[in-house]
Amino acid sequence: MARIIGAVTTSHVPAIGNAIARGMQEDPYWKPFFRGWDGVHDWLATAKPDVAVVVYNDHGLQFFLDKLPTFAVGAAAEYQNADEGWGLPTLPPYRGNPDLSWHVIESLVADEFDITTCQEMVVDHAFTLPLKLMWPDAEQCPVMTLPVAVNTVQHPLPTPARCYKFGRALGRAVESYGEDLKVVILGTGGLSHQLDGQRAGFINKAFDAMCMDKLVGEPEALTRYSIDDLVEQAGTQGVEVINWLTARAALSGTVNKVHSNYHIPISNTASGLMVLENRA
Amino acid sequence: MARIIGAVTTSHVPAIGNAIARGMQEDPYWKPFFRGWDGVHDWLATAKPDVAVVVYNDHGLQFFLDKLPTFAVGAAAEYQNADEGWGLPTLPPYRGNPDLSWHVIESLVADEFDITTCQEMVVDHAFTLPLKLMWPDAEQCPVMTLPVAVNTVQHPLPTPARCYKFGRALGRAVESYGEDLKVVILGTGGLSHQLDGQRAGFINKAFDAMCMDKLVGEPEALTRYSIDDLVEQAGTQGVEVINWLTARAALSGTVNKVHSNYHIPISNTASGLMVLENRA
Amino acid sequence: MASRPRYAHRNIPGTTIFDGVQAQKGYALNKMCYSFNSAENRAAFLADEEAYCRKFGLSEVQRKAIAARDVLGLIAEGGNVYYLAKFAGIFNLNVQDLGALQTGMSVEAFRQKLVEAAR
Amino acid sequence: MASRPRYAHRNIPGTTIFDGVQAQKGYALNKMCYSFNSAENRAAFLADEEAYCRKFGLSEVQRKAIAARDVLGLIAEGGNVYYLAKFAGIFNLNVQDLGALQTGMSVEAFRQKLVEAAR
Ligand SMILES: [Fe+3]
Ligand SMILES: [Fe+3]
Numbered sequence: 002m003a004r005i006i007g008a009v010t011t012s013h014v015p016a017i018g019n020a021i022a023r024g025m026q027e028d029p030y031w032k033p034f035f036r037g038w039d040g041v042h043d044w045l046a047t048a049k050p051d052v053a054v055v056v057y058n059d060h061g062l063q064f065f066l067d068k069l070p071t072f073a074v075g076a077a078a079e080y081q082n083a084d085e086g087w088g089l090p091t092l093p094p095y096r097g098n099p100d101l102s103w104h105v106i107e108s109l110v111a112d113e114f115d116i117t118t119c120q121e122m123v124v125d126h127a128f129t130l131p132l133k134l135m136w137p138d139a140e141q142c143p144v145m146t147l148p149v150a151v152n153t154v155q156h157p158l159p160t161p162a163r164c165y166k167f168g169r170a171l172g173r174a175v176e177s178y179g180e181d182l183k184v185v186i187l188g189t190g191g192l193s194h195q196l197d198g199q200r201a202g203f204i205n206k207a208f209d210a211m212c213m214d215k216l217v218g219e220p221e222a223l224t225r226y227s228i229d230d231l232v233e234q235a236g237t238q239g240v241e242v243i244n245w246l247t248a249r250a251a252l253s254g255t256v257n258k259v260h261s262n263y264h265i266p267i268s269n270t271a272s273g274l275m276v277l278e279n280r281a
Numbered sequence: 002m003a004r005i006i007g008a009v010t011t012s013h014v015p016a017i018g019n020a021i022a023r024g025m026q027e028d029p030y031w032k033p034f035f036r037g038w039d040g041v042h043d044w045l046a047t048a049k050p051d052v053a054v055v056v057y058n059d060h061g062l063q064f065f066l067d068k069l070p071t072f073a074v075g076a077a078a079e080y081q082n083a084d085e086g087w088g089l090p091t092l093p094p095y096r097g098n099p100d101l102s103w104h105v106i107e108s109l110v111a112d113e114f115d116i117t118t119c120q121e122m123v124v125d126h127a128f129t130l131p132l133k134l135m136w137p138d139a140e141q142c143p144v145m146t147l148p149v150a151v152n153t154v155q156h157p158l159p160t161p162a163r164c165y166k167f168g169r170a171l172g173r174a175v176e177s178y179g180e181d182l183k184v185v186i187l188g189t190g191g192l193s194h195q196l197d198g199q200r201a202g203f204i205n206k207a208f209d210a211m212c213m214d215k216l217v218g219e220p221e222a223l224t225r226y227s228i229d230d231l232v233e234q235a236g237t238q239g240v241e242v243i244n245w246l247t248a249r250a251a252l253s254g255t256v257n258k259v260h261s262n263y264h265i266p267i268s269n270t271a272s273g274l275m276v277l278e279n280r281a
Numbered sequence: 380m381a382s383r384p385r386y387a388h389r390n391i392p393g394t395t396i397f398d399g400v401q402a403q404k405g406y407a408l409n410k411m412c413y414s415f416n417s418a419e420n421r422a423a424f425l426a427d428e429e430a431y432c433r434k435f436g437l438s439e440v441q442r443k444a445i446a447a448r449d450v451l452g453l454i455a456e457g458g459n460v461y462y463l464a465k466f467a468g469i470f471n472l473n474v475q476d477l478g479a480l481q482t483g484m485s486v487e488a489f490r491q492k493l494v495e496a497a498r
Numbered sequence: 380m381a382s383r384p385r386y387a388h389r390n391i392p393g394t395t396i397f398d399g400v401q402a403q404k405g406y407a408l409n410k411m412c413y414s415f416n417s418a419e420n421r422a423a424f425l426a427d428e429e430a431y432c433r434k435f436g437l438s439e440v441q442r443k444a445i446a447a448r449d450v451l452g453l454i455a456e457g458g459n460v461y462y463l464a465k466f467a468g469i470f471n472l473n474v475q476d477l478g479a480l481q482t483g484m485s486v487e488a489f490r491q492k493l494v495e496a497a498r
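Chains as they are written, first to last, in the numbering used here: chain A, 2 to 281; chain B, 2 to 281; chain C, 380 to 498; chain D, 380 to 498.
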């Protein structure tokens with residue numbers, strides 16, 4: 002059977018892509034961010050996942066407002082990265098696992114989640130950068146992938162309560178798959194940041210700390226927040242933390258924090274990172 | 002407040018469009034079908050809805066398998082019909098009501114339905130023909146519309162139990178809208194038919210009769226069926242009856258059957274028709 | 380495979396449930412048929428059927444089934460009837476013609492069978 | 380209107396929640412910005428900004444805000460920052476530049492403000 006070995010939750014700021022492309026990992030501005038990934042690499046060296054399920058949000062590369070799904074699940078053999086408009090270098094294609102995808106899709110729909118099934122899907126920086134950060138030295142991403150895109154663009158967004166339930170169902174779906182696969186769940190986005198409006202540059206360190214704390218042992222605590230609460234407390238783009246919550250909810254065992262990092266600022270964002278190990 | 006005055010459930014066979022285009026309403030083959038609509042016209046003459054919420058399934062005009070939503074809800078000012086490939090005449094555009102749409106979308110997402118929101122949407126025969134049958138003499142559809150597309154194409158389909166809950170939530174969403182509007186819910190598709198495979202031509206009169214009976218006073222009874230049950234009992238395309246169930250579930254009051262008709266065959270289909278009045 | 384029980388659909392004689400297995404197998408074929416929503420594409424197909432099929436990446440089995448108007452073959456190869464109907468429409472074949480082709484009956488006999496379902 | 384309470388979002392100073400009201404208002408504007416995923420479209424915009432805006436049906440207020448690189452104006456007119464970022468990218472403006480423009484600070488002061496958020 003497939004086994005979820007843990008979750009990696011991380012920010013996905015586009016500027017990271019530029020820093021990687023320019024080799025700025027040791028630059029004083031970037032060093033506290035990139036050094037934070039050492040603990041992830043240590044964990045991966047022994048954890049060795051076969052598949053990454055990536056819970057992220059599309060930023061207007063794959064989806065436009067003409068048809069915007071709440072939850073979109075990939076079912077392709079390959080996912081391509083593409084030009085997002087601001088000159089970020091395009092990363093090599095990602096392998097999918099259609100059989101796993103369809104199993105997950107069947108399970109989610111049986112559990113009354115109204116997903117959009119995507120047999121073609123391009124993936125943006127929110128999907129590609131975390132995978133690049135996990136395996137910086139690999140030319141191509143070494144694990145199979147399953148993209149799960151959550152709407153954080155156009156309100157109404159799925160509530161934290163719904164995301165938590167969705168994450169639980171996603172975990173059940175993956176763990177009922179019959180192949181022996183080690184699966185890591187990624188949750189990308191956040192933490193607190195706001196790009197737009199007169200409140201641009203808003204960051205809330207205390208709220209981020211609370212989220213990172215609750216996510217380890219008591220993730221249901223975050224389901225009491227409304228989306229408006231999250232906008233107020235974490236910023237308009239800080240709502241991306243619902244991707245962390247979804248990923249965390251997929252872990253059903255005893256969860257152990259293996260590693261974390263928190264650094265302000267990366268670009269306009271409070272960057273957070275956690276490795277949560279899932280013990281049966 | 003908006004008020005749901007009732008539901009009209011009907012088949013949506015493309016051949017109906019040809020029969021209308023050729024003026025074959027009095028033809029012996031077609032007469033039992035078209036005469037069945039007299040009772041609907043009588044009801045509409047006094048019911049006078051302002052809006053039609055149309056629960057239907059797209060047959061590969063708007064959606065392809067690249068991105069297939071379980072439930073898609075329209076939020077456009079206008080919906081266009083378009084060429085479906087087999088020369089059915091294209092009908093004039095349909096007026097939307099974006100404010101009502103967004104209210105419904107907010108309500109559905111708050112109630113944990115993971116819809117795809119569509120600010121651009123073309124509509125096929127499953128949407129256009131029932132409206133044309135309701136108002137055959139109007140050049141353009143005289144009411145505002147709100148398309149709700151349910152996946153009946155690619156399995157997994159939403160279960161009858163999920164469709165029932167979705168319909169209930171749709172009803173709550175519409176009836177919490179603050180404008181004084183009279184709303185009719187359409188459910189289109191079915192009844193029993195199978196277009197594909199060696200079982201093509203399959204029709205199940207007894208099952209259709211049971212569905213039409215239960216839908217009036219005891220629609221929850223249909224939620225015990227699985228999608229595979231429906232395929233077996235109603236045929237591969239007979240599963241479209243989930244659109245009837247969704248529409249019926251939107252009626253929360255005492256439901257009274259005002260009119261019904263059932264005729265075999267129209268094309269390959271057992272054609273059914275009901276007018277269910279919703280009493281507060 | 381242990382995952383299959385949840386994923387598998389009921390076996391219903393004469394019936395193919397269009398699930399993930401079929402959707403993968405028929406993706407290119409259905410995409411081609413989806414393109415027939417456009418009159419221009421229908422004309423392009425008629426102008427050179429083989430080239431049009433290749434453009435969409437159909438398998439050889441699928442190309443042959445298209446050439447032979449073999450509806451059951453197309454369904455076995457992942458075709459979905461909602462899309463195949465657009466292919467059939469190019470030749471003015473309606474769903475009763477398709478029904479006759481698939482059941483090996485004459486169109487008249489297929490129509491009669493439908494009428495008899497009313498009893 | 381009685382429907383509004385359910386629909387309305389919280390009033391958060393300096394913050395516009397991109398909901399149905401904004402999504403309708405900004406549809407054409409965001410669609411134009413979405414087109415900037417393509418290098419060809421970015422070049423077409425630069426070649427004739429006004430014509431490109433008209434092609435997408437932007438309102439006069441939106442066209443003026445585009446011409447003035449008025450980010451707050453674009454947001455008020457329904458622009459969503461995920462799409463506007465693609466517009467800004469054409470001019471090599473990053474999100475810190477946008478932040479400075481929107482808060483009326485220098486880029487340096489805006490950056491400093493972010494650093495201070497760490498305390
Ligand atoms: Fe983001
Ligand atoms: Fe149909």
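Backbone N, C-alpha and C fix where the C-beta goes; we use that ideal spot for every residue, glycine too. As the structure is a computational prediction, the values presented were derived from the model and not from experiment.
In chain A, which residues lie less than 8 Å from residue i when you measure between Cβ atoms?
{"i": "Q155 (chain B)", "result": "T118"}
{"i": "D115 (chain B)", "result": "P70, T71, F72, F114, D115, I116, P159, R163, F167"}
{"i": "Y406 (chain C)", "result": "Q120"}
Is the CB of residue i under 8 Å away from at least one CB in chain A?
{"i": "Y413 (chain C)", "result": "no"}
{"i": "I391 (chain D)", "result": "yes"}
{"i": "Q491 (chain D)", "result": "no"}
{"i": "Q441 (chain D)", "result": "no"}
{"i": "Y462 (chain C)", "result": "no"}
{"i": "R421 (chain D)", "result": "yes"}
Any C-beta of chain B sitting closer than 8 Å to the C-beta of residue i?
{"i": "V110 (chain A)", "result": "yes"}
{"i": "F435 (chain C)", "result": "no"}
{"i": "L66 (chain A)", "result": "yes"}
Kindly say whether residue i, judged by its beta-carbon, lies nearer than 8 Å to any beta-carbon of chain D.
{"i": "G273 (chain B)", "result": "no"}
{"i": "E107 (chain B)", "result": "yes"}
{"i": "W87 (chain A)", "result": "yes"}
Between the Cα of residue i and those of the options, spot the shortest distance and give me the residue it belongs to.
{"i": "K133 (chain B)", "options": "B:S12, B:V259, B:I6", "result": "B:S12"}
{"i": "I267 (chain B)", "options": "B:M2, B:Y30, B:A8", "result": "B:Y30"}
{"i": "L287 (chain A)", "options": "B:E85, B:D115, B:V240", "result": "Since the first residue shown for chain A is 2 and the last is 281, residue 287 (chain A) is missing from the structure and cannot be characterised."}
{"i": "V450 (chain D)", "options": "D:E429, D:Y386, D:N390, D:L408", "result": "D:L408"}
{"i": "L284 (chain A)", "options": "A:E219, A:E241, A:S261, A:D230", "result": "Residue coverage of chain A in this structure runs from 2 to 281, which leaves residue 284 (chain A) outside it and unanswerable."}
{"i": "L7 (chain A)", "options": "A:Q195, A:V256, A:N262, A:H264", "result": "The sequence given here places Gly at residue 7 (chain A); Leu does not occur at that position. Among A:Q195, A:V256, A:N262, A:H264, the Cα nearest to that of G7 (chain A) belongs to A:V256."}
Give the residues of chain D in contact with residue i, contact being defined as C-beta atoms less than 7 Å apart.
{"i": "P159 (chain A)", "result": "Simply none; closest approach about 14 Å."}
Could you tell me the distance, in whole angstroms, from the CA atom of residue i to the CA atom of residue j?
{"i": "F35 (chain B)", "j": "E27 (chain B)", "result": "8 Å"}
{"i": "R421 (chain C)", "j": "S414 (chain C)", "result": "8 Å"}
{"i": "E121 (chain B)", "j": "K68 (chain A)", "result": "7 Å"}
{"i": "M275 (chain B)", "j": "C119 (chain A)", "result": "35 Å"}
{"i": "R383 (chain D)", "j": "A235 (chain A)", "result": "Its pLDDT being 44, under 50, R383 (chain D) is placed unreliably by the model, and the measurement read from it follows with that caveat. About 25 Å."}
{"i": "A22 (chain A)", "j": "P131 (chain B)", "result": "56 Å"}
{"i": "W245 (chain B)", "j": "I106 (chain B)", "result": "20 Å"}
{"i": "R96 (chain B)", "j": "Y80 (chain B)", "result": "7 Å"}
{"i": "N98 (chain B)", "j": "R280 (chain B)", "result": "24 Å"}
Could you list which residues in chain A have their beta carbon closer than 7 Å to that of residue i, in chain order?
{"i": "Q403 (chain C)", "result": "P99"}
Listing by chain order, which chain C residues have their CB less than 8 Å from the CB of residue i?
{"i": "N269 (chain B)", "result": "V474, Q475, G478, L493"}
Could you name the residues of chain D that residue i contacts, counting a contact when the two beta carbons are closer than 9 Å?
{"i": "A76 (chain B)", "result": "G399, A402, Q403"}
Using a beta-carbon distance below 8 Å, is residue i in contact with chain C?
{"i": "K206 (chain B)", "result": "yes"}
Given 8 Å, three or more beta-carbon pairs between the stretch 471-486 of chain C and the stretch 419-427 of chain C: Short answer: they don't touch.
Meets three-Cβ-pair contact criterion under 8 Å: the stretch 81-91 of chain A and the stretch 138-151 of chain A: Cβ pair count under 8 Å is below three, so no.
The stretch 162-182 of chain B touching the stretch 204-212 of chain B, judged by at least three CB pairs closer than 8 Å: Not touching, per the Cβ criterion.
Validate contact between the stretch 61-77 of chain B and the stretch 35-52 of chain B using beta carbons, cut 8 Å, 3 pairs: Fewer than three beta-carbon pairs drawn from the stretch 61-77 of chain B and the stretch 35-52 of chain B are found closer than 8 Å, and the two stretches are therefore not classed as touching.
Three CB pairs or more closer than 8 Å across the stretch 245-256 of chain A and the stretch 181-192 of chain A: Contact between the stretch 245-256 of chain A and the stretch 181-192 of chain A is present: three or more C-beta pairs spanning the two stretches fall below 8 Å.
Inter-stretch contact (C-beta, 8 Å, three-pair minimum) for the stretch 169-176 of chain A and the stretch 441-456 of chain D: By the criterion of at least three beta-carbon pairs nearer than 8 Å, the stretch 169-176 of chain A is not in contact with the stretch 441-456 of chain D.
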